[in-house]
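Heads up: the structure comes next, in structure tokens.
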Amino acid sequence: MFPNTPNGPIQVVLPVAEVNPRLDAIEVAENELESRLIDDAATGFDVTVEPPIRAELYRTATDDHVLVFVVHHIAADGLSMTPLTRDVMVAYHARAAGDAPQWAPLEVQYADFAVWQRELLGSPDDPPASSPGSLRSGHAPSTAHRRSWTCRPTVPARPGSR
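Every number in my numbering is 109 more than the matching position in the sequence shown, counting from 1.
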């Protein structure tokens, strides 16, 4: 979650038990499934008060289920969907066989990434001059070192640059 504070939003990592969704199968007719999935995807998040991920399990027949995950872009990007999908499939196959899923330990934990990022970008309390490469300073990088062939046009030429 990303609750607002007097100093701006902060990230709060919740214990797994608080985020673990209840996946009671919801009975849905096959012809209503698409509408339900569209509604799930179109429903927004209030990341200040709720986790940026939701899951629903739909049952369209006795032995036919559809699991849907909706993840806010603040929590995952397109590349994150591959390992998420892989982990769900590993868990599904293990549970279907009556076993607990066995995942290989991650090479890097999120906390390791956060430490690396802090070392690279510096602390939010650092003055702008002491955080090399940081975009927090609010200043664009110098263009004095550009070669002459990289000169910018006087008038923006692309629609996205207006």
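The C-beta atom is built at its ideal place from N, Cα and C for all residues, glycine as well. Since we're looking at a predicted model, the values are computed, not measured.
Alpha carbon to alpha carbon, how far is residue i from residue j?
| i | j | result |
| --- | --- | --- |
| residue 166 | residue 179 | 12 Å |
| residue 170 | residue 204 | 19 Å |
| residue 157 | residue 111 | 5 Å |
| residue 185 | residue 193 | 10 Å |
| residue 141 | residue 172 | 17 Å |
| residue 126 | residue 264 | 55 Å |
| residue 116 | residue 138 | 48 Å |
| residue 114 | residue 228 | 24 Å |
| residue 143 | residue 152 | 14 Å |
Could you please give the first and the last residue of the uninterrupted alpha helix (DSSP H) stretch that includes residue i?
| i | result |
| --- | --- |
| residue 143 | 139-151 |
| residue 127 | 125-128 |
For residue i, which residues from the same chain have a beta carbon less than 6 Å from its beta carbon, with the 5 sequence-adjacent residues on both sides left out?
| i | result |
| --- | --- |
| residue 168 | 134, 136, 174 |
Along the chain, where does the beta strand (DSSP E) containing residue i start, and where does it finish?
| i | result |
| --- | --- |
| residue 162 | 162-170 |
| residue 176 | 173-180 |
Do residue i and residue j have their C-beta atoms closer together than 8 Å?
| i | j | result |
| --- | --- | --- |
| residue 224 | residue 212 | no |
| residue 128 | residue 160 | yes |
| residue 164 | residue 146 | no |
| residue 181 | residue 222 | no |
Practice prompt. Can you check the segment 189-235 for any alpha helix (DSSP H) of at least 4 residues that lies completely inside it and give the ranges in chain order?
Written response: Whole alpha helix (DSSP H) segments, 4+ residues: 219-230.
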